[in-house]
Amino acid sequence: MKFKNKFAHKSNYGSARPLSNIKYIVIHFTGNKGDTALNNCKYFQSANRHASAHCFVDGSGTVYKSVSLKRVAWSVGGFYSRKNGAGSFYKKCTNANSLSIEMCNSAGKVPENVYKDAVALTRYYMKKYHISASRVIRHWDVNGKDCPDPWAGKDNAGWKKFKKAISK
């Protein structure tokens with residue numbers, strides 16, 4: 001796994017934080033077919049997007065970092081819903097205590113190569129920051145947004161498969 005830094009414009013993320021604040025890993029997806037990690041990073045290099053993610057994966061084996069882990073990414077805010085069991089980590093997992101990973105090229109489903117990159121990166125950060133699988137969650141678990149859409153919802157088979165893979 002290679003890492004490349006393509007940092008977002010400073011208007012798209014928050015303040016500094018100690019790495020010891022990272023308690024959760026939140027999985028997202030861009031919902032765009034054919035997009036790349038690099039293209040997403042370039043998008044956030046423009047000012048005033050008012051959103052961000054720490055890392056993007058697209059199945060290429062390269063992780064693009066858009067926000068330093070020493071900074072707060074704006075990735076789990078927004079509306080709030082507890083519909084169908086969503087939002088169970090609301091006010092527990094925040095932008096300030098989470099690390100966000102976006103899966104690219106994942107409209108409707110998560111391609112196998114993107115899935116493998118997401119598993120590898122998640123496992124890497126779990127080990128590095130001593131985060132248990134129980135603290136690897138979806139955006140859906142924080143505020144109810146259908147993200148990652150293919151894995152949203154209670155008892156989702158795709159999410160269960162991912163959780164099993166990161167637990168090995």
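Heads up: the sequence shown begins at 1 in full-length UniProt numbering, then just goes up one per residue.
Don't be surprised by glycine CBs; every beta carbon is placed ideally from N, CA and C.
Hey, could you find the ends of the alpha helix (DSSP H) residue i is sitting in?
i       : result
His-139 : 139-143
Ile-166 : 157-166
Thr-62  : Careful: Thr-62 lies outside any alpha helix (DSSP H), inside the beta strand (DSSP E) at 62-65.
Asp-117 : 112-129
Tyr-43  : 37-44
By Cβ distance, which residues of its chain are closer than 7 Å to residue i, with the 5 residues on each side in sequence left out?
i           : result
residue 170 : Missing from the structure shown is residue 170; the chain here goes from 1 to 168 and no further.
His-130     : none
Leu-121     : Met-1, Cys-55, Val-57, Val-63 and Ile-101
Ala-96      : Arg-17, Asn-21 and Val-72
Cys-93      : Tyr-24, Val-26, Val-76, Ile-137 and Val-142
Taking its Cβ as the centre, do 16 or more other Cβ atoms sit within 10 Å of residue i, making it buried, or is it exposed?
i       : result
Lys-47  : It is worth fixing the name first, because residue 47 is Ala in this sequence and not Lys. That one is exposed.
Gly-61  : exposed
Met-103 : buried
Ala-157 : exposed
Ser-128 : The question names Ser, but residue 128 is Lys in the sequence shown. Looking at its Cβ environment, which holds fewer than 16 other Cβ atoms inside 10 Å, Lys-128 is exposed.
Phe-29  : buried
Asn-32  : exposed
Ser-13  : Before going on, a small fix: residue 13 reads as Tyr here, not Ser. Tyr-13 comes out buried.
Ser-167 : exposed
Tyr-125 : buried
For residue i, which beta-bridge partners are listed by DSSP?
i           : result
Ile-101     : Ile-27 and Cys-55
Lys-2       : Thr-62
Arg-71      : Ala-16
Tyr-90      : Cys-93
residue 193 : Absent from the structure is residue 193, since the part of the chain shown begins at 1 and ends at 168.
Between residue i and residue j, is the Cβ-Cβ spacing less than 8 Å?
i           : j       : result
Arg-135     : Cys-147 : no
Ser-100     : His-54  : yes
residue 173 : Tyr-64  : Residue 173 lies beyond the range of the chain shown here (1 to 168); nothing can be said about it.
Asp-149     : Asn-105 : no
Ala-133     : Lys-163 : yes
Ser-98      : Tyr-43  : no
Gly-144     : Gly-108 : no
Val-110     : Ala-165 : no
Report all residues from its chain with a CB closer than 8 Å to the CB of residue i; omit the five preceding and five following residues, and keep chain order.
i       : result
Val-114 : Val-57, Asp-58, Gly-59, Met-103, Cys-104, Asn-105 and Ser-106
Lys-6   : Leu-38, Cys-41, Lys-42, Gln-45, Tyr-64, Lys-65 and Ser-66
Arg-49  : Ala-8, His-9, Ser-11, Asn-12 and Tyr-43
Lys-116 : Gly-59
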